[in-house]
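Enquirer: Numbering follows the numbering used here, with no gaps: position 26 of the sequence shown is 27.
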Amino acid sequence: LIAEKMGPHIAIGDPCFARGEDSPIFNIFDDKEMVARWNEHTLSKKGKDSCYFNLHTDITLPYDEIKSLEGYKDNKLICTFIENGKFVPDFAKELNKNMEEDL
Numbered sequence: 002l003i004a005e006k007m008g009p010h011i012a013i014g015d016p017c018f019a020r021g022e023d024s025p026i027f028n029i030f031d032d033k034e035m036v037a038r039w040n041e042h043t044l045s046k047k048g049k050d051s052c053y054f055n056l057h058t059d060i061t062l063p064y065d066e067i068k069s070l071e072g073y074k075d076n077k078l079i080c081t082f083i084e085n086g087k088f089v090p091d092f093a094k095e096l097n098k099n100m101e102e103d104l
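Here's what the structure looks like:
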């Protein structure tokens, strides 16, 4: 489980480090700081526990094997999150840098 948390994965629900997002957390294998500790709900910090769902599901996928991960609303494409193993949204492109450094 610890090794899974250190590798690339997508979390659905609360962040992996729920209620501890403000504390720096470092990968035990390479000492790099894990920067993806928040999500849009926990960043708002509207009340101590009101920003949490109290559930968390990890999906571990090798990013380089993901051709496309897209979000749709009313059958219309609203966002491409991952394309050819790389994050597409401007706010997430910094995550690509860390993956390239590991190659």
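Beta carbons are placed, not taken as given, at the ideal position from N, Cα and C, and that holds for glycine.
Among the candidates 60, 84 and 76, whose CA atom is the shortest distance from the CA of residue 67?
Expert: Looking at the Cα atoms, 84 is the closest of the given residues.
Enquirer: If we ignore side chains and look at the alpha-carbon of each, how far apart do residue 34 and residue 74 end up?
Expert: Taking the straight line joining both Cα atoms gives about 34 Å.
Enquirer: In angstroms, rounded to a whole number, what distance separates the CA positions of residue 86 and residue 65?
Expert: Whole-angstrom Cα-Cα distance: 4 Å.
Enquirer: Any idea what DSSP makes of residue 65, helix, strand or coil?
Expert: Looking at residue 65 - three-state DSSP - the assignment turns out to be helix.
Enquirer: Among the residues of its own chain, which have a CB less than 6 Å from the CB of residue 80, if the five just before and after it don't count?
Expert: Result list for residue 80: 72, in chain order.
Enquirer: Can you tell me whether residue 88 is buried or exposed, with buried defined as 16 or more other CB within 10 angstroms of its CB?
Expert: Buried, since its Cβ has 16 or more Cβ neighbours within 10 Å.
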